[in-house]
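The structure appears below as structure tokens.
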Amino acid sequence: MAGKTIQPEGWAPALGYANGMLMADGTLHVAGQIGWNAQKVFERHDFVGQMEQTLENISTIVRAAGGEVSDIGRLTWYVKDKAEYLAHQREVGDAYRRVFGRHFPAMSLLVVRDLVEDEALLEIEATAYIAKG
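Right, here's the structure in full:
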């Protein structure tokens, strides 16, 4: 059985990818999200602001699939500037907890040379499991 595409209501269409793909077994694959809003506009231009928006986007996709952030089992972070990430550890933690509370899934953080969207400072992808019934 094929997966079900997850597209939050009111979001600009995803072109050439799905924001989320809910598999028959309840696994939800969330595509790499960046710090733009539902209409693909960057309202925040700082690392922490984009990170918080990115986590909000992930949360919205998980909820659109019928889950909660506590269903997320893995996050993979791609950041363009390691020094900027490290310089804002306290703010990163505060923003993270505003969106995900004290839920800390397995995580990896990779430093990358660039991302497709020039304004994006980071990208985060997620995997969740949404139990049926």
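In numbering that gives the first Met the number 0, the protein residues as written are 0 to 132.
Even glycine gets a Cβ: it sits at the ideal position worked out from N, Cα and C.
N- and C-terminal bounds of the beta strand (DSSP E) containing residue i
i    : result
A119 : Looking at the DSSP string, A119 is not in any beta strand (DSSP E), and its letter there is neither H nor E.
G34  : Element bounds for G34: n/a, residue is neither H nor E.
V68  : Premise fails: V68 is in no beta strand (DSSP E) and is neither H nor E.
L14  : That residue, L14, is in no beta strand (DSSP E); it is neither H nor E in DSSP.
M106 : A105 to V110
K3   : K3 to I5
Straight-line Cα distance separating residue j from residue i
i    : j   : result
F103 : V61 : 15 Å
A63  : A86 : 33 Å
S69  : G9  : 24 Å
M20  : Q88 : 31 Å
Boundaries of the alpha helix (DSSP H) in which residue i is found, first to last residue
i   : result
Q88 : Q88 to F99
For residue i, three-class secondary structure by DSSP
i    : result
L54  : helix
A125 : strand
Q49  : helix
L85  : helix
contact_flag[the segment 94 to 106, the segment 33 to 53] where n(CB pairs < 8 Å) is 3 or more: yes
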